[in-house]
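Undergrad:
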Amino acid sequence: MKTIKLFQSDVYKRSTEAIVSSIDRNVAHNSISIVLDQTVFFPTGGGQSCDLGTINGIKVVDVFEKDDTLYHILEGCDSAIQLGDTVSLEIDWGRRFDNMQRHCGEHILSGIFFKLFGGVNRGFHMGEDYMTIDMSLEADERYTEINWDMAMQAELETNKVIWENTPVSVYRFDTKAEAEKMPLRKALNLEKDISIVTIGDISNPADSVACCGTHPSTAGQVGMVKIYKIEPNKGMFRIFFEAGQRALAHYDMRFDIMTKLENDLSASYTNLISKYEIQKEKAKQVKDRLYHLSKELIKREIADLRECSDRVRHYSCLDSNDIMEIGNALSPEINNTLCLIDDLTNTVFLFSNSIDCGKLVKENAPKLDGKGGGGRNFARAVFPSAEKAVKFIDNINE
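Counting in our numbering, the final residue of the sequence shown is number 449, and the numbers go up one at a time with none missing.
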């Protein structure tokens, strides 16, 4: 049965009543699949996620279309809804409008990239966490890459379309031949029941392309579009961007980060980068100094261990690579065992040229909840506490 799609005639319609024409209870998945004579719920399609909401107060968790029929998946299978019932439908308007803003923003941006640089949208992702278009520069041989200046030019022109509150119209055609009379950005791959979303006047639109998604009636409702990253992807260029309230939220997040950095560095946005560069150079100097101090300490530790009988040494200011450097330098000279302990991670490093270190770890570490392993001349074990690490050393030295 073909479902009447009320969102095609009124994208702002949030609720209605409908008659249940089919119902299937799935006990295994604790859900109900319902077909209605008409619906306000948009199904997943055209790169856009489905509407969510309620039917008779029951959560709708998925909506999909198959052979012109829309299936509404409801949470739980013990609902009192029966075949032939008249039910109340209500969509999550916040989600619908979010999708409308983002999808329309993508159309405008894609159209502008095509107009300015011959960019062809070869892939579109409108996910929960981010939105991207994969742009191929195949329609204008003058351009071989999309750089940041080009992206900012496209972003500005896109927002001009939004600021002008350009009309957004949806034209529906029964045949491909009729639809192809429109000034399309992309060739059609549909033969019938075609919807063309056009932004602006048909004589010179900002964009005109086939789409089954939901869009606002004017571009002004998109609010804004913001590009924030470009990266090469399989011979194309992936544009990361946001639109509408999501673009504002993305800006707010970055603004909060910048404000915190300004406060931490006693800077303003005008000199934040220079203050950051100064701190970066200072950090590099500290890192270099720490490196040379570590090397000097390692050198002294090796000399000290050679001259004393101490075969257990604790460290809290050297990392595992530094400790390994000490042990490896002394390993050929060790007749018994050398135990070096990283106190920060409760890791014991064993070195010897005469005792099987791996065997010592394998036989003794698990008794103290230690984990590790190694070979004959070197092994390591990590313990849950300093006490167990010390107990392990006591046990192997008995």
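Glycine included, C-beta positions come from ideal geometry on N, C-alpha and C.
Note that the structure is predicted; figures quoted are calculated from it, not measured.
Give me the Cβ distance between residue 86 and residue 106, rounded to the nearest whole Å; I'm assuming they're in contact under 8 Å.
TA: Here residue 86 refers to the residue found at position 35 of the sequence shown. Here residue 106 refers to the residue found at position 55 of the sequence shown. Incorrect: roughly 12 Å between the Cβ atoms, too far for contact.
Undergrad: Which residue comes first and which comes last in the beta strand (DSSP E) that contains residue 288?
TA: What you label residue 288 is simply residue 237 of the sequence shown in a count that begins at 1. Here the beta strand (DSSP E) through residue 288 covers 287-294.
Undergrad: Can you give the beta carbon distance from residue 412 to residue 395, rounded, assuming they're within the 8 Å contact cut?
TA: Here residue 412 is taken as the residue at index 361 of the sequence shown, counted from 1. Here residue 395 is taken as the residue at index 344 of the sequence shown, counted from 1. Contact doesn't hold; Cβ gap of about 20 Å is too wide.
Undergrad: Quick one: what's got a C-beta closer than 8 Å to residue 382's C-beta in the same chain, skipping five residues either side?
TA: On the sequence shown, position 331 is the one that residue 382 refers to. Closer than 8 Å at Cβ, skipping near neighbours: 389, 402, 403, 404, 428 and 429.
Undergrad: Find out if the Cβ-Cβ distance for the pair residue 361, residue 393 is shorter than 9 Å.
TA: As a working note, residue 361 is residue 310 in the sequence shown. As a working note, residue 393 is residue 342 in the sequence shown. Taking 9 Å as the Cβ cut-off, residue 361 and residue 393 do not qualify as a contacting pair.
Undergrad: Please work out which residues of its chain come closer than 7 Å, Cβ to Cβ, to residue 439, disregarding the five sequence neighbours upstream and downstream, and give them in chain order.
TA: Taking the sequence shown and counting its residues from 1, the one referred to as residue 439 is at position 388. Within its own chain, the residues whose Cβ lies closer than 7 Å to the Cβ of residue 439, once the five positions on either side in sequence are excluded, are 419, 420 and 421, listed in chain order.
Undergrad: By alpha-carbon positions, which one of 208, 265, 329 and 255 ends up nearest to residue 91?
TA: Stepping through the sequence shown from its first residue, residue 91 is reached at position 40. Looking only at 208, 265, 329 and 255, the smallest Cα-Cα distance to residue 91 is reached by 265.
Undergrad: To which residues of the same chain is residue 305 closer than 6 Å at the C-beta, ignoring the five residues directly before and after it?
TA: As a working note, residue 305 is residue 254 in the sequence shown. Cβ neighbours of residue 305 beyond the five flanking positions: none.
Undergrad: By Cβ distance below 8 Å, which residues in the same chain neighbour residue 121 in space, the five residues on each side in sequence not counted?
TA: For the purposes of this step, residue 121 is identified with residue 70 of the sequence shown, where counting begins at 1. Here the set comprises 54, 56, 86, 87, 90, 92, 94, 114 and 115.
Undergrad: Measuring straight from C-alpha to C-alpha, what distance separates residue 433 and residue 367?
TA: Start at 1 with the first residue of the sequence shown, and residue 433 comes out as number 382. Start at 1 with the first residue of the sequence shown, and residue 367 comes out as number 316. Taking the straight line joining both Cα atoms gives about 15 Å.
Undergrad: Do you know whose CA, among 102, 171 and 147, lies nearest residue 112's CA?
TA: Along the sequence shown, read from residue 1 onward, the residue named residue 112 stands at position 61. Comparing Cα positions, the closest option is 102.
Undergrad: In whole angstroms, give me the CA-to-CA distance for residue 239 and residue 71.
TA: Your numbering for residue 239 matches position 188 in the sequence shown. Your numbering for residue 71 matches position 20 in the sequence shown. About 35 Å.
Undergrad: What are the start and end residues of the beta strand (DSSP E) that includes residue 431?
TA: Start at 1 with the first residue of the sequence shown, and residue 431 comes out as number 380. Its beta strand (DSSP E) spans residues 429-433.
Undergrad: Alpha carbon to alpha carbon, what distance is there between residue 330 and residue 320?
TA: Working through the sequence shown from its first residue, we reach residue 320 at position 269. Working through the sequence shown from its first residue, we reach residue 330 at position 279. CA-CA distance, residue 320 to residue 330, rounds to 16 Å.
Undergrad: Beta-carbon separation of residue 160 and residue 278 under 9 Å?
TA: On the sequence shown, position 109 is the one that residue 160 refers to. On the sequence shown, position 227 is the one that residue 278 refers to. Cβ atoms of residue 160 and residue 278: closer than 9 Å.
Undergrad: Quick check: residue 186 and residue 351, are their CB atoms within less than 9 Å of each other?
TA: The residue labelled residue 186 in the question sits at position 135 within the sequence shown. The residue labelled residue 351 in the question sits at position 300 within the sequence shown. No.
Undergrad: Roughly how many angstroms separate the alpha carbons of residue 166 and residue 215, rounded to a whole number?
TA: By one-based count along the sequence shown, residue 166 stands at place 115. By one-based count along the sequence shown, residue 215 stands at place 164. Cα to Cα, residue 166 sits roughly 18 Å from residue 215.
Undergrad: Note down the Cα distance separating residue 155 from residue 313, rounded to an integer number of angstroms.
TA: Here residue 155 is taken as the residue at index 104 of the sequence shown, counted from 1. Here residue 313 is taken as the residue at index 262 of the sequence shown, counted from 1. Spanning the two alpha carbons is a distance of roughly 35 Å.
Undergrad: Following the continuous alpha helix (DSSP H) through residue 371, name the residue where it begins and the one where it ends.
TA: Working through the sequence shown from its first residue, we reach residue 371 at position 320. Per DSSP, residue 371 belongs to the alpha helix (DSSP H) from 371-381.
Undergrad: Once DSSP output is grouped into helix, strand and coil, what is the label at residue 278?
TA: Taking the first residue of the sequence shown as 1, we reach residue 278 at position 227. DSSP places residue 278 in strand when its eight states are reduced to three.
Undergrad: Using 10 angstroms around the beta-carbon of residue 59, count the other beta-carbons present and answer buried if the total reaches 16, otherwise exposed.
TA: Residue numbering aside, residue 59 sits at position 8 when the sequence shown is read from its first letter. Per the 10 Å Cβ criterion, exposed.
Undergrad: If you run the structure through DSSP and keep just helix, strand and coil, what is residue 362?
TA: If you number the sequence shown from 1, residue 362 lands on position 311. Three-state result, residue 362: coil.
Undergrad: Where does residue 256 sit, in a helix, a strand or coil, going by DSSP?
TA: Locating residue 256 in the sequence shown gives position 205, counting from the first residue. Coil, per DSSP.
Undergrad: CB-CB under 7 Å to residue 259, same chain, minus the five flanking residues each way: which ones, in chain order?
TA: Working through the sequence shown from its first residue, we reach residue 259 at position 208. Result list for residue 259: 233, 234, 235, 236, 247 and 249, in chain order.
Undergrad: What's the call for residue 203, buried or exposed, on a 16-neighbour Cβ count within 10 Å?
TA: Counting from 1 along the sequence shown, the entry for residue 203 is found at position 152. Exposed.
Undergrad: Mind checking whether residue 109 and residue 83 have CB atoms under 9 Å apart?
TA: Within the sequence shown, numbered from 1, the residue matching residue 109 stands at position 58. Within the sequence shown, numbered from 1, the residue matching residue 83 stands at position 32. Result yes, Cβ atoms of residue 109 and residue 83 sit closer than 9 Å.
Undergrad: Mark residue 123 as exposed unless 16 or more other C-beta atoms lie within 10 angstroms of its C-beta, in which case mark it buried.
TA: What you label residue 123 is simply residue 72 of the sequence shown in a count that begins at 1. Per the 10 Å Cβ criterion, buried.
Undergrad: Quick check on the DSSP output: the alpha helix (DSSP H) that includes residue 445 runs from which residue to which?
TA: Looking up residue 445 in the sequence shown gives position 394. From DSSP, the alpha helix (DSSP H) with residue 445 extends over 437-447.
Undergrad: From residue 380 to residue 406, what does the alpha carbon distance come to, in whole angstroms?
TA: If you number the sequence shown from 1, residue 380 lands on position 329. If you number the sequence shown from 1, residue 406 lands on position 355. Residue 380 and residue 406: Cα-Cα distance of roughly 17 Å.
Undergrad: Alpha carbon to alpha carbon, how far is residue 162 from residue 212? Give it in angstroms, no decimals.
TA: Within the sequence shown, numbered from 1, the residue matching residue 212 stands at position 161. Within the sequence shown, numbered from 1, the residue matching residue 162 stands at position 111. Their backbone Cα atoms lie some 11 Å apart in a straight line.
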